[in-house]
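Asker: Supplied in structure tokens, the structure appears directly below.
Numbering (the working numbering), first residue to last: -14 to 137.
Encoded structure:
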């Protein structure tokens, strides 16, 4: 399996699990809280449940029916990050065509290993931080008044 095939597989998984819905991270955070600052603790709170779900999926090909709404929401963002990362690694070439950082992890022997690597290890290394940055950008209040861009 290569990175592109893995990205395609995870996209099919995402489409099947969520159909046309996109869960909101805001649903995990109290209305008065800053989502960007809270998402790390919330993700860590549900980390074991999401990890168990990923393990069950890799072993059986089925997601557990016991996924809570919070775990399912977080899983959506884990999958989105994993797909984006796999696409990035598949396309990651230098000008001369040489691949850079595009080899599969040495300890990933099976498709299940690769899925767990993307949804758990890669998430821990960069996905959570990326999601925090996205939250900070998307969920912050807009400026009090529109910017006047006509002035130079």
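From the three backbone atoms N, C-alpha and C, an ideal C-beta is built for every residue, glycine too.
With contact counted as at least three CB pairs below 8 Å, one residue from each stretch, are the stretch -11 to 9 and the stretch 96 to 114 in contact?
Answerer: They touch, by the three-pair rule.
Asker: Buried or exposed, going by whether 16 or more other CB atoms sit within 10 Å of the CB of residue 28?
Answerer: As a first step, residue 28 is located in the chain shown; it is residue number 43 there, counting from the start. Buried is the call here.
Asker: How is residue 50 classed by DSSP in three states: helix, strand or coil?
Answerer: The sequence position of residue 50 within the chain shown is 65, counting from 1. Coil.
Asker: What did DSSP end up calling residue 7 once you bin it into helix, strand or coil?
Answerer: For this step, residue 7 is matched to residue 22 along the chain shown. In the structure shown, residue 7 sits in coil (DSSP, three-state: anything other than H, G, I, E or B).
Asker: If you run the structure through DSSP and keep just helix, strand and coil, what is residue 44?
Answerer: Stepping through the chain shown from its first residue, residue 44 is reached at position 59. The answer is helix: DSSP assigns residue 44 an H, G or I state.
Asker: If you follow the alpha helix (DSSP H) that residue 99 is part of, which residue opens it and which one closes it?
Answerer: Along the chain shown, one-based indexing puts residue 99 at 114. Start and end: 96 to 101.
Asker: Does DSSP classify residue 14 as helix, strand or coil?
Answerer: For the purposes of this step, residue 14 is taken as the residue at position 29 of the chain shown. If DSSP states are grouped into helix, strand and coil, residue 14 belongs with coil.
Asker: Can you give the beta carbon distance from residue -11 to residue 121, rounded, assuming they're within the 8 Å contact cut?
Answerer: As a working note, residue -11 is residue 4 in the chain shown. As a working note, residue 121 is residue 136 in the chain shown. Going by Cβ atoms, the distance from residue -11 to residue 121 rounds to 31 Å, so no, they are not a contact pair.
Asker: Quick one: what does DSSP say residue 61 is sitting in, helix, strand or coil?
Answerer: Position 76 of the chain shown holds residue 61. Three-state result, residue 61: helix.
Asker: Can you name, in chain order, every residue of its own chain whose Cβ lies under 8 Å from the Cβ of residue 44, other than the five neighbours on each side?
Answerer: Residue mapping note: residue 44 aligns to position 59 of the chain shown, counting from 1. Closer than 8 Å at Cβ, skipping near neighbours: 97.
Asker: Among -6, -13, 72 and 61, which residue has its Cα nearest to the Cα of residue 5?
Answerer: Taking the first residue of the chain shown as position 1, residue 5 is located at position 20. The residue among -6, -13, 72 and 61 with its C-alpha nearest the C-alpha of residue 5 is 61.
Asker: Return the residue from the list 77, 19 and 70 that minimises the CA-CA distance to residue 107.
Answerer: Position 122 of the chain shown, counted from the start, is the residue given in the question as residue 107. It is 70 whose Cα lies nearest to the Cα of residue 107.
Asker: Under the three-state reduction of DSSP, which class applies to residue 19: helix, strand or coil?
Answerer: Translated into positions along the chain shown, residue 19 becomes position 34. It is coil, neither helix nor strand.
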